[in-house]
Every structure is written in structure tokens, then in C-alpha cells.
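Protein chains: 2
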Amino acid sequence: MAGHPFDEAIRLEADTARPGAVWHGATHEAYWNMVGPFGGTTAAVVLQGVWGHPERNGTPISLTLTYAAPFQEGAFEVHTQLVSATRSTQHWSVQCVQQGKAIVNAIALFAVRRETWAAVETCMPVVPPAAQIAVLDATRTRVAWVQRYEFRPLRGGFDRMADLEPQADSITEQWVRDQPARALDYPALASLCDVFFPRLYLRRGKVIPAGTVSLNIYFHADEPALAATGSEPVLGVARAGNFAGGFFDQFAQIWRADGVLLASTQQMVWYKA
Amino acid sequence: MAGHPFDEAIRLEADTARPGAVWHGATHEAYWNMVGPFGGTTAAVVLQGVWGHPERNGTPISLTLTYAAPFQEGAFEVHTQLVSATRSTQHWSVQCVQQGKAIVNAIALFAVRRETWAAVETCMPVVPPAAQIAVLDATRTRVAWVQRYEFRPLRGGFDRMADLEPQADSITEQWVRDQPARALDYPALASLCDVFFPRLYLRRGKVIPAGTVSLNIYFHADEPALAATGSEPVLGVARAGNFAGGFFDQFAQIWRADGVLLASTQQMVWYKA
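Note that the protein sequences, when read in sequence, are chains E and L. Per the UniProt record's numbering, the first sequence starts with residue 1, numbered consecutively. Per the UniProt record's numbering, the second sequence starts with residue 1, numbered consecutively.
In C-alpha cells form, the structure reads like this:
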């Protein structure tokens with residue numbers, strides 16, 4: 001995986017004076033959004049700040065970020081603190097910092113998963129397999145991070161951006177994977193939770209200033225479930241619930257092609273009009 | 001509202017040495033759960049720790065808690081920190097502390113709402129009005145907090161607990177309000193987001209050890225929308241998405257009777273088998 005742009009974008013180096021507690025990273029042009037880095041890579045970076053901590057135990061169960069201020073291009077720090085722990089769970093606080101100012105405020109729960117009774121209750125939509133769907137020509141977008149994913153839109157996808165008209169709903173269904181292909185791991189899954197453009201675009205039929213202010217991710221996949229995904233496309237399904245007062249929510253799920261739910265996620269998005 | 005048990009349960013007193021940053025509260029027997037306080041009142045207490053801060057601006061947009069350790073009966077502290085702010089948004093970190101140990105780790109986003117284009121996209125289920133549904137006899141439960149709500153179960157509610165059998169889905173639909181009735185405000189709404197018993201009970205048809213480890217709330221209501229609710233019942237709809245590895249998620253929405261979405265929430269719940 002050496003040299004994959006995603007790995008470059010989320011690479012953190014331990015601070016020599018405070019290893020584990022402070023990490024050094026940098027924004028990456030390949031995942032640049034309109035006025036800052038793609039929020040998905042930021043979520044992955046926060047996860048990395050916990051993953052590499054010498055005291056880390058288990059795998060991520062939940063991750064929540066609020067995006068406080070835009071990243072400036074260049075270096076940033078990740079500050080990681082283990083707030084509380086039991087034998088099998090860990091509660092973390094993480095902040096991304098530039099020029100001494102917190103630009104991301106986050107918490108995460110890691111835990112040791114166990115064998116239990118299991119069931120998928122909400123079912124994956126019935127859609128044609130990824131192999132039957134044409135790949136989006138991402139070179140038509142000028143937004144860098146969009147070109148770092150291979151999108152196969154089924155409904156309400158980036159292909160609609162060319163001739164945007166108001167839709168009755170904001171549902172997006174799309175097959176998606178990293179571009180170039182890369183085996184799925186927790187940081188990549190976190191990032192995939194944010195690959196849906198603002199639901200508002202579909203409802204209003206135009207591009208309107210909007211940005212994610214809060215992202216919440218619940219991880220359902222254990223490491224074998226991720227490994228079994230490999231670098232195959234996963235199905236992303238997203239929809240808004242409510243638009244009011246300058247904020248709307250989005251609820252999304254990321255499915256493995258065989259119907260295993262990998263992650264569920266909701267986010268709150270600020271919008272201008 | 002003086003004397004309502006909910007107001008007693010979420011009452012915080014400012015620390016004289018560190019007002020705003022440190023608050024003193026205490027668990028309340030009227031909202032006791034099986035091995036600690038009801039998680040809904042804990043969410044409300046965290047919100048109060050921000051609400052009363054002298055620098056607080058705007059109203060809650062998002063609130064996320066992870067529950068790190070059980071509360072002991074008695075006094076606790078709430079530690080509140082304003083991490084980052086712009087003119088219209090505030091990013092907060094909040095922890096509940098007992099004996100110097102963090103037992104709740106939380107972040108919140110407050111913001112000033114503005115008049116914008118608005119739409120409810122996911123619609124309230126069509127159900128009979130609250131007045132037509134019998135109130136649950138909560139005296140049959142020995143769990144204190146359940147008696148502090150007036151439940152009118154439509155589907156998968158507490159009335160099913162008497163003769164629990166495995167269900168094909170975990171959907172709960174219920175009208176609910178505080179008992180005694182109390183005008184809806186943000187703390188009460190936060191608490192209402194956690195009034196659903198573990199979805200696992202419905203799927204397995206039995207009571208199994210389970211506890212919320214992460215609760216995420218997105219607030220859609222502004223203060224006029226809350227005021228218009230008054231003390232009328234609201235509709236709560238909840239469902240699990242996936243059960244695996246000792247954790248399952250729950251997605252829920254809280255609706256005003258006229259179809260206004262007040263809050264959407266998801267939580268991750270630990271379970272034993």
C-alpha cells in the first residue's frame with residue numbers, strides 16, 4: 001500500500017517529546033476540497049491519532065467530529081488523550097490543531113469486539129452489481145478528492161451535477177471505492193462515510209454554500225469483515241432527514257456487496273440559503 | 001416548572017471557584033435506571049453544563065456522549081470547556097466526573113440558527129393521534145425513570161415487555177411526554193432521545209444485559225418549534241440497523257404531532273449475548 005495517496009494524506013508522525021499524545025500531519029493536495037481538506041480524510045486522521053497510540057486497545061466502535069474552523073494548507077497537529085478506560089473499552093478525546101487553535105473537536109470509543117448473536121436488520125437496497133454500472137468520469141469535477149474515488153452512481157450521484165434540477169428526495173445510491181483501489185481498513189471506511197455531496201444540492205437543484213459541521217460514525221465491521229471486503233466497491237446510501245434554520249442532517253449506510261453493514265453514519269451540515 | 005422531578009434531576013450549581021467551567025450535580029432517584037441514572041437525563045445534564053455557561057451563544061445543533069463508567073449514586077461534577085468558536089458557532093467539550101474520574105466524555109456544537117429554505121424530507125409515520133392511545137401502566141415496571149414518562153405505545157413499546165417474544169423487526173413507535181407533563185425544552189428533548197429500551201429485547205424476545213455506550217443527537221428544532229410543542233405528547237420512532245460483535249446501533253426520530261421533526265438520534269449499545 002506504500003505510496004497510495006490516501007496513506008500519504010493520513011500519515012501522522014509521533015511527536016518526539018510527547019509520543020502518542022501529539023502527532024504531526026499535513027494536508028494533502030490530492031484530497032483537497034473546495035476550501036480545505038476533504039472531511040472524510042480528516043475523520044481518518046483523527047482515527048489514526050488513536051490507532052497509533054501505544055495504549056490503544058480494540059477497534060473503533062464510534063467516532064464523532066465537529067469541524068470548528070477551516071484547515072489552512074500545510075502542517076497540523078493531532079492531540080490525542082485517553083480519557084477513560086475499562087478492560088475492554090476506551091474513551092478518547094482528539095483535537096486537530098493549527099497555530100495553537102483547535103480546528104476539529106472529536107471523541108471516539110474503541111472496544112474489544114466479541115462473538116455474539118448477530119443480525120442485519122435494515123437491509124441493503126436491491127441494486128445491480130458494481131460490475132454492471134459505468135464508472136463516473138471524475139475528471140469533469142475540479143474538486144480534487146472526488147478524483148480519489150471510483151464512483152459508480154445508481155441514483156442521485158455525482159453524474160447529476162452536470163444537469164442539476166430539484167429532486168423530490170435527496171437519496172443517493174452509489175458503488176464506491178478508493179481510486180486507485182486500496183484494501184478497506186478503518187480509516188478508509190471512516191472517509192467513505194463522508195463521500196456524499198450535500199443533500200441540499202439534490203433538493204434545490206443547484207450548488208449552494210454548505211459544509212459538514214458534525215460527523216458521527218458507528219462502525220459495525222470487525223477486522224475480518226473489513227479484510228473480506230478487500231478493495232472491492234462498497235455500496236453507499238445517503239439521505240437527508242430535515243432541512244431547517246441553516247442546518248440539515250444526513251443519514252447514510254455503507255454496505256459490503258454481500259449485504260454486510262460496514263458502517264452507519266449521520267452528519268449535520270450547515271447551509272446558507 | 002419549579003419542583004418538577006426532571007428539573008431537580010438536571011439541576012447544576014456553578015462551582016464558586018470556577019463558575020461555568022465546573023458544575024455540581026447529583027443523581028436523582030426518580031430517574032434511576034437499573035445500575036445507574038437514566039442515560040437520557042445524563043445527556044440533559046451535559047447540555048445544561050453548556051447552557052448555563054456565561055459564554056454560551058446560540059442553541060444546540062449536535063450533542064454526542066460516550067458513557068465510560070457507571071455513575072455512583074450521589075454527587076458528580078460537570079466539566080465544561082469552550083474549545084473553539086466563531087461568531088455564530090461554538091464547539092464544546094464536556095465531561096461528567098466522579099472521584100476525579102471521567103465517567104462521561106462528550107462534545108457539543110451550538111450555533112445561531114437563521115431563517116433559510118426548509119423542508120422535512122423523511123415523513124412522520126401515519127399513526128393514530130395520542131388522544132386515541134391508552135397510556136401505559138408504568139407502575140408495572142420497577143425501573144424508576146420509566147414512571148417519569150407517559151408512554152402511549154403504538155408498536156413495539158413497553159407494553160410488549162410483559163409477554164416478550166422474538167420479533168421480526170425492532171421497530172418501536174410510541175407517543176411520549178414527561179410525567180408529570182412539562183413544557184418541552186432542549187434538555188427534555190435530549191432525554192427523550194434515549195427513552196427506547198434496547199432494540200435487542202424485541203429481536204431476541206428476552207431481556208439481555210445491554211447498555212448504551214454512545215449517544216448522538218441532532219437537534220432540528222429551534223426555540224419557537226419547542227415552545228409550540230408545549231407539553232403535548234411527541235412521537236418517538238426507533239429501530240436497530242445491525243447487531244454484531246457485542247454492539248448494535250439504534251436510529252430514532254422524535255416528531256411533533258403536526259409532523260415537525262424535532263430531533264434525530266443514533267446510539268451504539270453494548271450487549272452481552
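Built from N, CA and C at the ideal position, the CB exists for glycine as well.
Once the 5 residues before and after residue i are set aside, which same chain residues still bring their CB inside 8 Å of it?
i	result
E/Glu-165	Gly-205
L/Ala-188	Phe-6, Ala-44, Asp-178 and Arg-182
L/Glu-223	Thr-59
Among the options, whose alpha-carbon lies nearest the alpha-carbon of residue i?
i	options	result
E/Pro-153	E/Ala-131, E/Thr-122 and E/Leu-184	E/Ala-131
E/Gln-147	E/Val-195, E/Asp-222 and E/Pro-129	E/Val-195
L/Trp-32	L/Trp-51, L/Arg-18 and L/Glu-8	L/Glu-8
E/Ala-244	L/Tyr-67, L/Ala-44, L/Ala-111 and L/Val-104	L/Ala-111
E/Phe-71	E/Gly-236, E/Ala-263 and E/Val-35	E/Val-35
L/Ile-133	L/Gln-174, L/Ala-21, L/Val-104 and L/Asp-249	L/Gln-174
E/Leu-226	E/Ala-257, E/Asn-216 and E/Arg-11	E/Ala-257
E/Phe-219	E/Arg-113, E/Ala-106 and E/Gly-241	E/Arg-113
E/Trp-51	E/Asp-163, E/Thr-66, E/Glu-232 and E/His-79	E/His-79
L/Ile-171	L/Arg-18, L/Gln-253, L/Ala-69 and L/Gln-48	L/Gln-253
E/Ala-144	E/Pro-180, E/Ala-30, E/Leu-47 and E/Leu-200	E/Ala-30
E/Thr-141	E/Met-124, E/Val-126, E/Asp-159 and E/Pro-125	E/Asp-159
E/Gln-167	E/Ala-240, E/Tyr-271, E/Ala-75 and E/Ala-68	E/Ala-240
E/Asp-169	L/Ile-10, L/Ala-119, L/Arg-87 and L/Val-104	L/Ala-119
L/Ala-106	E/Ser-62, E/Thr-41 and E/Asp-163	E/Ser-62
E/Val-135	E/Asn-242, E/Tyr-271, E/Pro-233 and E/Glu-223	E/Pro-233
E/Thr-41	E/Tyr-186, E/Ala-273, E/Val-207 and E/Lys-272	E/Tyr-186
E/Glu-121	L/Ala-75, L/Gln-99, L/Gly-211 and L/Asn-242	L/Asn-242
E/Ala-273	E/Ala-75, E/Val-207 and E/Pro-224	E/Val-207
E/Trp-270	L/Gly-3, L/Glu-223 and L/Trp-117	L/Trp-117
To the nearest angstrom, how far is it from the Cα of residue i to the Cα of residue j?
i	j	result
L/Ala-85	L/His-91	6 Å
E/Val-237	L/Asp-15	47 Å
L/His-28	E/Gly-156	49 Å
E/Ser-93	E/Thr-64	10 Å
E/Tyr-149	L/Asp-137	54 Å
residue 322 of chain E	L/Met-268	Only positions 1 to 273 of chain E appear in this structure, which leaves residue 322 of chain E out of reach.
L/Phe-151	L/Val-176	5 Å
E/Gly-49	E/Cys-96	9 Å
E/Leu-235	E/Ser-264	12 Å
E/Ala-26	L/Glu-73	46 Å
L/Glu-13	L/His-53	11 Å
L/Ser-231	L/His-24	28 Å
E/Ser-88	L/Gly-246	11 Å
E/Ala-102	L/Thr-59	21 Å
E/Pro-209	E/Leu-202	13 Å
L/Phe-197	L/Glu-115	36 Å
L/Ala-162	L/Ala-108	37 Å
L/Ile-10	L/Leu-47	9 Å
L/Gly-39	L/Thr-66	10 Å
E/Thr-212	E/Gln-99	22 Å
L/Gly-3	E/Asn-57	45 Å
L/Cys-123	E/Cys-123	20 Å
Taking residue i as the query, report the chain A residues whose CB atoms sit under 7 Å from its CB, ordered along the chain.
i	result
L/Gly-246	Here chain A cannot be found, since the structure's protein chains are E and L.
Use the C-beta contact count for residue i: other C-beta atoms within 10 angstroms, 16 or more gives buried, fewer gives exposed.
i	result
L/Pro-129	exposed
E/Ser-214	buried
L/Cys-193	buried
E/Pro-37	buried
L/Thr-139	exposed
E/Gly-259	exposed
L/Arg-199	buried
E/Pro-180	exposed
E/Ala-190	buried
Below 7 Å CB to CB, which residues in the same chain sit around residue i once its five sequence neighbours on both sides are set aside?
i	result
E/Gln-266	Asn-216, Asp-249, Gln-250 and Phe-251
L/Val-22	Asp-15, Glu-77 and His-79
L/Ala-68	Ala-102, Ile-103, Val-104 and Asn-105
L/Pro-125	Glu-173 and Val-237
L/Val-127	Leu-154, Glu-173 and Leu-235
For residue i, I'd like the list of residues in its chain whose CB is within less than 6 Å of its CB, leaving aside the five on either flank, ordered along the chain.
i	result
E/Ala-221	Leu-262
L/Thr-229	Leu-184 and Arg-256
L/Gln-81	Ser-93
L/Glu-55	Leu-82
L/Gly-20	His-53 and Pro-54
E/Ala-75	Ala-26
Worksheet item: Which residue spans inside the stretch 26 to 111 of chain E form an unbroken alpha helix (DSSP H) run of at least 4?
Response: 39 to 51
Discussion item. Suppose only complete runs of 4+ residues qualify. What are the alpha helix (DSSP H) ranges in the UniProt domain "Acyl-CoA thioesterase-like C-terminal" (138 to 269) of chain L, listed by chain order?
Written reply: 186 to 192, 199 to 204 and 223 to 229
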